[in-house]
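Under the working numbering, think of the first position of the sequence shown as 69, with each following residue one higher. For every residue, glycine included, the Cβ atom is placed at its ideal position computed from N, Cα and C. One structure below.
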Amino acid sequence: MGIRELLVIFSSFSFVAYGVAFFTSYKMKEEFIRFGLAKFGALTATLEILGALGLLVGLVFPPLLVFSAGGLSLLMLLGVAVRIRIKDPCLVIVPAFSFFVLNAYLFIEAIQSL
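Structure representation (structure tokens):
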């Protein structure tokens with residue numbers, strides 16, 4: 069198993085955990101209220117779970133890896149923008165930015181390997 073596969077698995081499990089947490093934790097719903105995006109919380113969590121599953125399936129069907137990694141990197145870029153807009157401290161923005169970079173890397177790698 070190579071580094072790309074390990075990164076896909078790490079990202080996938082992270083997004084599944086975050087997506088499921090939205091549906092099981094009131095604190096996660098409160099975060100979307102704080103962001104001013106309460107009506108988009110369930111959609112975002114669902115897209116994260118679908119994207120995570122797409123990453124895993126993308127290991128055997130590479131075009132899906134391109135689509136999923138691209139979608140998750142876009143979600144995280146938007147997450148960074150929202151946190152900047154609401155003036156969150158830089159340290160709080162680091163996880164979203166890190167997942168943006170990780171999935172952008174996976175997106176580029178997947179495109180190059182098609």
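Range of the contiguous alpha helix (DSSP H) that encloses residue i
i	result
Ile161	Cys158 to Gln180
Met144	Pro130 to Arg153
Leu186	Beyond the ends of the chain as shown, which are 69 and 182, falls residue 186; an answer cannot be given.
Ser80	Ile71 to Thr92
Cβ separation of residue i and residue j, assumed to be a contact under 8 Å, to the nearest whole Å
i	j	result
Ala137	Ala178	6 Å
Phe168	Ser141	5 Å
Pro131	Leu170	Not quite, the Cβ-Cβ distance comes to about 20 Å (not below 8 Å), so this is no contact.
With 16 other Cβ atoms within 10 Å as the buried cut-off, status of residue i
i	result
Val134	buried
Arg153	exposed
The ligand ATP heavy atom lying under 6 Å from the CB of residue i
i	result
Val128	No copy of the ligand ATP occurs in the structure displayed, which carries no ligand at all.
Touching or not, the stretch 74 to 87 and the stretch 118 to 126, by the rule of three or more beta carbon pairs under 8 Å?
yes
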